[in-house]
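All residue numbers for the sequence shown refer to the UniProt record's numbering, where the first residue is 1 and numbers rise by one.
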Amino acid sequence: MSSSDTESWNDWIEDDERDESTRHGVLQCLFCSDTISCITTFHAHLIESHSFFLQELFTRWNLDHYAMIRLINYIRSNSQKGLTSKSIWNQLEKNGVAEFTDEKYFTPVLQNDAVLHSLNDDEEDSENEDVNGTTTSQVSVSTHSTSEDVDKLKAENEAFRNQTANMKAFIYKLTCDNEEKNGTDVVKANTQKKAKQVKFKVDELDAYYFDSYSHVGIHYEMLTDRVRTEAYRNAILNNAHLYKDKIVLDVGCGTGILSMFAAQAGAAQVIGIDCSEFGHIAQQIVEANGFASKINILKGRVEDVKLPVDHVDIIISEWMGYCLFYESMLDTVLFARDKWLKSDIGEQTCGHVFPDSASLYLQGAQDPKNRKGFWKDVYGFNMTAVQSKINTENGFVELVYPQAILTDRCLLSRVDVNTVKIEQLFDSTLEFKLRINRSGLFEGFVSSFDIAFIRDCVQVESFTTGVEGPPTHWQQVFFMIDCPFRVQANQIINGTWILRRNANNSRFLDITITWITPQEESFTQNFRIH
């Protein structure tokens, strides 16, 4: 790959970051001299460089906009006094919001602090989170501010929300204007230059699933996940010998980013398939980047489309969901593999599916958001009666910080995508053994996964979604148990894990976890990811 190729990729993926930098100004790290261009990367920097989980504090304490301002200024003030990020974190862990309730923290420590302006972005994201209806704030909110800066931020916040709402409406209209529907379950793909017309039927659940990928937000979230996107880029471009002059199939191509990587690596032909309305957008992106002669985008379900070739040499796909298997997109990849991938001839490798290795892991942890403990003391009042209303059946998709982890990381299963059969993915009873690393209150289990590109690769590429690695858009899944128990270092938790498809929607997951406490008590609890 030439340096110009790298620069083009970096320029393209960082366009939105530069837009944020223009809107808010450059973001100054809370603890060092580094500057960051967007709020997402800012949070990732705090985690990777300083082990400081600012976003986790926002959500754990349900902080409103003003409380976030005070917290930022509190951190900057103490950092300037020479306190380390660890010391500040420990103080916040010990004293909670009481550490920064003083109104002096309304005064910005850093003049024209762009981080304070970027809190609008954080606040908008947090509104979409569901914490089982428990949105009570632990911070008192004044009806007026004693700081002109706060009033200014409030006005800008409102203007920004209006602007965002208008933009979302415009983008939705852009992607849906040409949609034609015949009845409730028949969708006709529109005639588009270079795009194929495919008629197909999708049931109501699949229609909802594919529609979720028709909007800009989810693609922005995935592309700005650098751990994910750069792993795919490196795995393809650093192993170009596998792609040179080959026919590549991109299953669930989205914006076409993987297809374009494959074309950059020298593929003779790339076929991208996507069932969402973004298939049309992908074709426009391909043409705009000069790949129209190499990349062909088909709109439709993989199970229904007809390829212009009988076989492909490589299948690439980003199929992973929460807890690895949520959305069941791996089923589609395996369907494509069995139908179109060239078979090996003797000892000769003829076909590849990438990524080809996926591993699911389990850990034990404290509740990263203190959902039950919060209600023990709310402004001095005992509200533990609320605890019974917390729904522990649903797995919580969230960022779990390392300080919450109590055990080692146990491998549940490893999938070889080149050979696995669909029937092997679910309904098996998998045993686990978790060793306690530190004493604490065991409140639940955390699932995460690792992905790797291995077979015939000169440079093996991999990434983790575990709490030990940089954060990704998959985050982790926290399964909160009904009966927490105390554990001591070096104790063992034995148990079993059963993963099933949901009976009503095969894209959802049902999970049964059985475990034995150090006190030899056995518990079984059912969870779901819906």
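Here a beta-carbon is modelled for each residue, glycine too, at the ideal position from N, C-alpha and C.
Please read these numbers as outputs of a predicted model, since none were measured by experiment.
Query: Chain-order list of residues whose beta-carbon lies under 8 Å from that of Gly25 (same chain, five-residue window excluded); Result: Asn112, Ala114, His117
Query: Counted within 10 angstroms of its Cβ, other Cβ atoms place Gln55 as buried (16 or more) or exposed; Result: buried
Query: Which residues DSSP lists as bridging His352, in chain order; Result: Ile314
Query: Candidates Arg70, Ser343, Glu327, Ser317, of which the one nearest Ala98 by Cα; Result: Arg70
Query: Three-state secondary structure assigned by DSSP to Glu287; Result: helix
Query: Proximity below 8 Å, CB of Thr40 to CB of Thr224; Result: yes
Query: Reference Asn394, options Ile481, Arg435, Gln403, closest by Cα; Result: Ile481
Query: Collapsed DSSP secondary structure at Gln91 in the structure displayed; Result: helix
Query: Assumed close pair Trp497, Leu430 - CB separation to whole angstroms, cut-off 8 Å; Result: 5 Å
Query: Nearest-angstrom Cα separation, counted from Gln366 out to Phe278; Result: 40 Å
Query: Inter-stretch contact at 8 Å, needing at least 3 Cβ pairs: the region 419-429 / the region 359-373; Result: no
Query: Presumed contact (8 Å Cβ cut-off) between Gly364 and Phe485, rounded CB distance; Result: Not a contact, Cβ separation roughly 10 Å.
Query: Span of the alpha helix (DSSP H), counted from its first residue to its last, around residue 535; Result: As shown, the chain starts at 1 and ends at 530. That puts residue 535 outside it, with no answer to give.
Query: Same chain only: Cβ atoms within 7 Å of Val487, ignoring 5 sequence neighbours per side; Result: Leu406, Ile436, Ser439, Gly440, Phe442, Pro518
Query: Check whether Ile529 and Val477 have beta carbons under 8 Å apart; Result: yes
Query: Proximity to Pro471 [Cα-Cα], best of Phe523, Tyr232, Tyr401; Result: Tyr401
Query: Inside the region 428-486 only - beta strand (DSSP E) runs reaching at least 3 residues; Result: 429-435, 440-453, 461-464
Query: Delimiting residues of the alpha helix (DSSP H) encompassing Val251; Result: It is not in any alpha helix (DSSP H) - Val251 instead sits in the beta strand (DSSP E) that spans 247-251.
Query: Strand pairing of Asp274, partner residues [DSSP]; Result: Lys299
Query: When Asp250, His45, Phe479, Ala67 are compared against Pro368, the one with the closest alpha-carbon; Result: Phe479
Query: Proximity of Val270 and Ile295 at Cβ, strictly below 8 Å; Result: yes
Query: DSSP bridge partner residues for Trp497 (one or two, in chain order); Result: Leu430, Ile513
Query: Contact between the region 450-462 and the region 230-249 (3+ Cβ pairs under 8 Å); Result: yes
Query: Beta strand (DSSP E) runs contained entirely in the region 337-420, provided each spans 3 or more residues; Result: 352-354, 357-365, 396-398, 410-416
Query: Given Ile454 as reference, the closest of Ala358, Glu520, Leu412, Val397 once Cα atoms are compared; Result: Ala358
Query: Three-way DSSP call (helix, strand, coil) for Thr107 in this model; Result: coil
Query: Leu57 in three-state terms, based on DSSP; Result: helix
Query: Whole-Å CB distance - Met320 paired with Ile451, under 8 Å assumed; Result: 7 Å
Query: Bounding residues of the alpha helix (DSSP H) (the contiguous stretch that carries Ser49); Result: 39-50
Query: Reference Ser317, options Cys457, Lys244, Val251, closest by Cα; Result: Val251
Query: Close-in-space but distant-in-sequence residues of the same chain around Ala169 (CB under 6 Å, 5 per side omitted); Result: Confidence is the limiting factor: at Ala169 the pLDDT is only 44, short of 50, which leaves the residue's position unreliable and the question unanswerable from this model.
Query: DSSP-derived helix/strand/coil call for Gln519; Result: coil
Query: Cutoff 8 Å: Ser462 Cβ touching any chain C Cβ; Result: This model lacks chain C altogether; it includes just one protein chain.
Query: Enclosing alpha helix (DSSP H) for Glu221 [first to last residue]; Result: 216-223
Query: Segment contact, 8 Å Cβ cut-off, at least three pairs: the region 304-312 with the region 406-425; Result: no
Query: Cβ-Cβ distance between Glu221 and His65 below 8 Å; Result: no
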